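Undergrad: Here it is: the structure, laid out below.
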Amino acid sequence: MVQIKEFRIIMPMSMEEYEIGLSYTIMKMEQQNTNGKEGVEVLQQVPFEDEKLGEGQFTSKVYHLQSKIPSWMKGFASASSLAVHEDSWSAYPKSRTVIKCPLFSKCSLTIDTVIRPDNGCSENAHNLNSQQLAEREVEIVDIASVSRDYWSKVITAPKVDLTTFKSQRTDRGPLLNGWMDSCRPVMTIYKLVIMDAPIWGLGERLEDCLIAVPRALFLACHRMCFAWIDEWYGMTMEQIREMERHTDLLLKKTLKKAAKPGSKHEGKRKSLKDEIAVVGSCT
Numbered sequence: 005m006v007q008i009k010e011f012r013i014i015m016p017m018s019m020e021e022y023e024i025g026l027s028y029t030i031m032k033m034e035q036q037n038t039n040g041k042e043g044v045e046v047l048q049q050v051p052f053e054d055e056k057l058g059e060g061q062f063t064s065k066v067y068h069l070q071s072k073i074p075s076w077m078k079g080f081a082s083a084s085s086l087a088v089h090e091d092s093w094s095a096y097p098k099s100r101t102v103i104k105c106p107l108f109s110k111c112s113l114t115i116d117t118v119i120r121p122d123n124g125c126s127e128n129a130h131n132l133n134s135q136q137l138a139e140r141e142v143e144i145v146d147i148a149s150v151s152r153d154y155w156s157k158v159i160t161a162p163k164v165d166l167t168t169f170k171s172q173r174t175d176r177g178p179l180l181n182g183w184m185d186s187c188r189p190v191m192t193i194y195k196l197v198i199m200d201a202p203i204w205g206l207g208e209r210l211e212d213c214l215i216a217v218p219r220a221l222f223l224a225c226h227r228m229c230f231a232w233i234d235e236w237y238g239m240t241m242e243q244i245r246e247m248e249r250h251t252d253l254l255l256k257k258t259l260k261k262a263a264k265p266g267s268k269h270e271g272k273r274k275s276l277k278d279e280i281a282v283v284g285s286c287t
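In the numbering used here, the protein residues as written are 5 to 287.
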């Protein structure tokens, strides 16, 4: 059964600031979660052009995070088969991410992102049809909140209390009750998660996992994006791209894996239309 869930993540910053801040945060969190045994392996980062999204950057990654896999999964699968593959087409302010796991080849998880300069009030940011709207579940993600579910606990991120945090460079914060209705500037990331786990005996459990993992990542990543605002505020996209190149080399060196030229990942930036067709047929 296909499930559709929309997460709305409200942020106390402008859309221009968020583009810089998100890229910085992803790089820093990947470094913190990568060591000699597991972590994030960046396979490819190249420009792409698509009729629907426009121009942007295609990124292919593999997440080797075996120690964070729940024990019920480890009981019937090897660590290598549980590596998570992520392909992402980012054409700010829109993007599409497709996540796959070799062990569960029949399962799919697609995340479509739309970013708008509002406080979560757009009721159909993804232009869903009436049937999709009826099936969609909406959740507002408050970055000032703290989640204590399994995946939130295993994600490596510094602990910070955004109800007391105040940015020295922007004078923003703390995020107190009602901050989403009163803060300026403000913007919202609308993330539409479409999942399908058609595996007898594991489907429901996998679907719960497929929802819980991205939600925990959304919360942790965006909490740190604001908490680290004094580190990235004022940077340019050229500086970010240069940092990404250095980070890719660092991650490969840390994981002790050299990139393989001519691999099967080359040319994937041209396949976004195929991914859209596949996912669209399930909704």
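A virtual CB, placed ideally from N, CA and C, is assigned to each residue, including glycine.
Nothing here was measured: the structure is a model prediction, and the numbers come from that model.
(1) Roughly how many whole angstroms lie between the Cα atoms of Asp234 and Ser134?
(2) Shortest alpha-carbon distance to Ser92 belongs to which of Glu143, Arg245, Cys111 and Lys65?
(3) Helix, strand or coil, according to DSSP, for Gly4 in the structure here?
(4) Just curious, the beta strand (DSSP E) that Ser1 is in, first and last residue?
(5) Quick check on DSSP: helix, strand or coil for Gly266?
(6) In the DSSP assignment, the beta strand (DSSP E) including Trp232 goes from what residue to what residue?
(7) According to DSSP, is Lys256 helix, strand or coil?
(8) Closer than 6 Å by C-beta to Arg140: which residues in its own chain qualify, once you throw out the five before and the five after it? Chain order, please.
(9) Verify whether the separation of the beta carbon atoms of Met191 and Tyr22 is less than 8 Å.
(10) What span of residues does the alpha helix (DSSP H) with Ala138 cover, start to end?
(11) Using a threshold of 8 Å, state whether the C-beta atoms of Ala161 and Met228 are closer than that.
(12) Report the start-end ranges of each alpha helix (DSSP H) in the segment 19-58 that is 4 residues or longer and not cut off at the edges.
TA: So, to answer that:
(1) Approximately 42 Å between the Cα atoms of the pair.
(2) Ranking the options by Cα distance to Ser92, first place goes to Lys65.
(3) No answer is possible for residue 4: it lies beyond the span of the chain, which begins at 5 and ends at 287.
(4) In this structure the chain extends from 5 to 287, so residue 1 is not present and cannot be described.
(5) Bear in mind that a pLDDT of 40 at Gly266, under 50, signals an unreliable position, so the model cannot answer this.
(6) Here Trp232 belongs to no beta strand (DSSP E), and DSSP marks it neither H nor E.
(7) DSSP places Lys256 in helix when its eight states are reduced to three.
(8) Exclusion of the five residues before and after Arg140 leaves Ile8 and Glu10 as the residues of its chain whose Cβ lies within less than 6 Å of its Cβ.
(9) For Met191 and Tyr22, yes; Cβs fall inside 8 Å.
(10) For Ala138, the uninterrupted alpha helix (DSSP H) segment begins and ends at Ser134 to Glu139.
(11) Yes, the Cβ-Cβ distance between Ala161 and Met228 is below 8 Å.
(12) Counting only runs of 4 or more, we get 19-36.
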